[in-house]
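Under my numbering, read the sequence shown as residues 4 to 489, first letter to last.
Don't be surprised by glycine CBs; every beta carbon is placed ideally from N, CA and C.
What you are looking at is a predicted structure, and each value in this text was computed from that prediction instead of being measured.
Worksheet: the structure to be examined is printed underneath.
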Amino acid sequence: MGIASAMPVSAYASQDFPSGRASSFFADAAAEAGAGLACAPVDAGSIEIDGEGEDAVAQAAPLDIAQFARAQKGSNRPIDDVYRGYAYLQWSERNDVCLVAVDDYAVLYVDAAELAARTGSQGWDEAARSFRESPGGAIALDDSAVKTELSWVVAYLQALDAAAANGSARVEPGMRLFVTTEESFDLADAGLRFSFNQEYVSGSFYTSVIGIDGADVTDAASGVRAELRFADFCNTASWAEGTFASEEGAAGAFGRFLSELDWSPLWVTLKTTGTAIAVVFVLGLAAAWWSLRIPSRVQDIADSIFTIPMVLPPTVCGFVLLLLLGKNTAVGQWFIDVGFPLIFSWPATVLAAVVVSFPLMYRSARGAFEGIDRTMLDAARTLGWSEGRIFFRLMLPLAWSSIAAGTVLAFARALGEFGATLFLAGNYVGVTRTIPIAIYFEWMNGNTDVALFWTGVIIVFSFLVILFINLWSRRTTRYRRRAQDR
Numbered sequence: 004m005g006i007a008s009a010m011p012v013s014a015y016a017s018q019d020f021p022s023g024r025a026s027s028f029f030a031d032a033a034a035e036a037g038a039g040l041a042c043a044p045v046d047a048g049s050i051e052i053d054g055e056g057e058d059a060v061a062q063a064a065p066l067d068i069a070q071f072a073r074a075q076k077g078s079n080r081p082i083d084d085v086y087r088g089y090a091y092l093q094w095s096e097r098n099d100v101c102l103v104a105v106d107d108y109a110v111l112y113v114d115a116a117e118l119a120a121r122t123g124s125q126g127w128d129e130a131a132r133s134f135r136e137s138p139g140g141a142i143a144l145d146d147s148a149v150k151t152e153l154s155w156v157v158a159y160l161q162a163l164d165a166a167a168a169n170g171s172a173r174v175e176p177g178m179r180l181f182v183t184t185e186e187s188f189d190l191a192d193a194g195l196r197f198s199f200n201q202e203y204v205s206g207s208f209y210t211s212v213i214g215i216d217g218a219d220v221t222d223a224a225s226g227v228r229a230e231l232r233f234a235d236f237c238n239t240a241s242w243a244e245g246t247f248a249s250e251e252g253a254a255g256a257f258g259r260f261l262s263e264l265d266w267s268p269l270w271v272t273l274k275t276t277g278t279a280i281a282v283v284f285v286l287g288l289a290a291a292w293w294s295l296r297i298p299s300r301v302q303d304i305a306d307s308i309f310t311i312p313m314v315l316p317p318t319v320c321g322f323v324l325l326l327l328l329g330k331n332t333a334v335g336q337w338f339i340d341v342g343f344p345l346i347f348s349w350p351a352t353v354l355a356a357v358v359v360s361f362p363l364m365y366r367s368a369r370g371a372f373e374g375i376d377r378t379m380l381d382a383a384r385t386l387g388w389s390e391g392r393i394f395f396r397l398m399l400p401l402a403w404s405s406i407a408a409g410t411v412l413a414f415a416r417a418l419g420e421f422g423a424t425l426f427l428a429g430n431y432v433g434v435t436r437t438i439p440i441a442i443y444f445e446w447m448n449g450n451t452d453v454a455l456f457w458t459g460v461i462i463v464f465s466f467l468v469i470l471f472i473n474l475w476s477r478r479t480t481r482y483r484r485r486a487q488d489r
């Protein structure tokens, strides 16, 4: 991996990493002339990675790496209504080390104060001071300990990233590397600004890339277009803190996994699905009851409108809703004006779930109502029953089994919704990231264990809810049959 000068960053030049070893070269003021280079070799082949691919240790290293995570995809949408550029989520904590791969180079941020505290090297303090005092010049790193520690950080990142890449782009030998200890770093030649450990949302930290002039780096017309490939995040640890899952035991490793897991997708999913099902239950019954009371020709049109989301791909549903309710439409602007922005918010997740699950509830309820003997309804009317009483005291009990089945189907559809939610609500942790969205992005980011965990959770949860509704439906059906037999 090459290390090149950047502003305000130490001026580094380098050669590729040989197989099994990593060599970083730190240039003095004569770096551009190719003179004064010093090598800090490390034995990268001695690095051991735990089974989860999150921690790495090497007995010869002055530090270890913990809580490694790879973000394969970021988001280019505004965060809290402010455009921050293309942003990668770092979850709920700052990171000692952040790397962003762009085109054929990478930008590496290291927390000099944290590394100094971990290793006791005073050279990091001096290096950070030099960065601040000489924001445009080449910086000489004379401290051999700092050279070695940075070499180990790069070697660790290569090993961990290779294990997490799953065939995707990774930190490759031969890439240029720009190293900085500043949380805001301008790569002037490329016109890019890199920001690390930014708490754009309370409790959530991001690494973002934006044009120095605020331009969108994913837009070819911006003049600063860059191909953002992935991002890596990790924390440093002293050797005594390095513990692998094999040493903890299975129970200890699973406990640590649960303690470090972000549980927000579960709460967002429960809140979204519960609200959506309540809305769908009411709307589905009302629509089914109303559709049977209108002329037959109008029934066909209404039935087609109510049912069409069931046959459309979820992405089409989400895109249509985005076109209808986006901020550039009259409806979307009205929601913004009243202080209730709909798009890319939690209500958008509910709306997406309602739209895609409504047809299942509607069709089940309508089929059940159509199967009721009309003479019973007419007899109730001759006895003076109101339409409301007929609906609640006669139609609902007789159609309950089918309605319960429709509720189960609608729940399952809302629980598994992905495409429409991603289009309409986006992927905002703790706000719109449901379990299906979390599964996709965790898998894309190489966190297969987290994706498998959420897959198991959603399967078990779906099974329990469906079982409960089936048992409840059977019990009410049995009770009604006994009442009829009397």
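Which partner residues of residue i appear in the DSSP bridge assignment?
| i | result |
| --- | --- |
| S3 | The chain is shown only over 4 to 489; residue 3 falls outside these bounds and no answer can be derived. |
| A90 | S78 and S211 |
| F309 | Beta-bridge pairing links F309 to no other residue. |
| A423 | Per DSSP, none; premise fails for A423. |
| E51 | V60 |
| A72 | F236 |
| D67 | A240 |
| Y112 | C101 and T183 |
| V85 | I82 |
Going by CA-CA distance only, name the one from the options that's closest to residue i.
| i | options | result |
| --- | --- | --- |
| L380 | A167, A119, T278 and L401 | L401 |
| S294 | I280, A281 and T310 | T310 |
| V285 | A368, D84 and T435 | A368 |
| D376 | I393, S360, V149 and T151 | I393 |
| Y203 | I82, G255 and R179 | I82 |
| G48 | A109, L163, A454 and A104 | L163 |
| W292 | Y365, E55, D58 and A109 | Y365 |
| V283 | G409, V182, S207 and G391 | G409 |
| L264 | F466, Q70 and L467 | Q70 |
| R259 | A333, E57, V45 and F466 | E57 |
| A229 | I213, S465 and D189 | I213 |
If you check the beta carbons only, do residue i and residue j fall under 8 Å apart?
| i | j | result |
| --- | --- | --- |
| S211 | Y89 | yes |
| Q161 | M447 | no |
| Y209 | L92 | yes |
| F233 | C101 | no |
| L418 | I461 | yes |
| G429 | P317 | no |
| T184 | P65 | no |
| D235 | M178 | no |
With DSSP collapsed to three states, give me the class of residue i.
| i | result |
| --- | --- |
| T332 | coil |
| N79 | coil |
| D235 | strand |
| A104 | strand |
| A408 | helix |
| P439 | helix |
| V204 | strand |
| V463 | helix |
| V353 | helix |
Could you give the distance in angstroms between the alpha-carbon of residue i and the alpha-carbon of residue j?
| i | j | result |
| --- | --- | --- |
| F347 | W94 | 19 Å |
| P344 | T424 | 15 Å |
| A115 | T239 | 11 Å |
| V358 | V227 | 39 Å |
| I469 | W337 | 39 Å |
| E51 | R196 | 34 Å |
| D216 | G194 | 8 Å |
| A168 | A218 | 29 Å |
| C491 | G329 | With the chain covering 4 to 489 only, the question about residue 491 has no answer from this structure. |
| A59 | S154 | 14 Å |
| G255 | L261 | 10 Å |
| D53 | G370 | 55 Å |
| P439 | R416 | 11 Å |
| W475 | F361 | 22 Å |
| A173 | A165 | According to the sequence displayed, residue 173 carries Arg and not Ala. Taking the straight line from one Cα to the other gives about 6 Å. |
| I472 | I280 | 13 Å |
| V353 | T275 | 5 Å |
| T435 | P350 | 9 Å |
| G206 | S147 | 37 Å |
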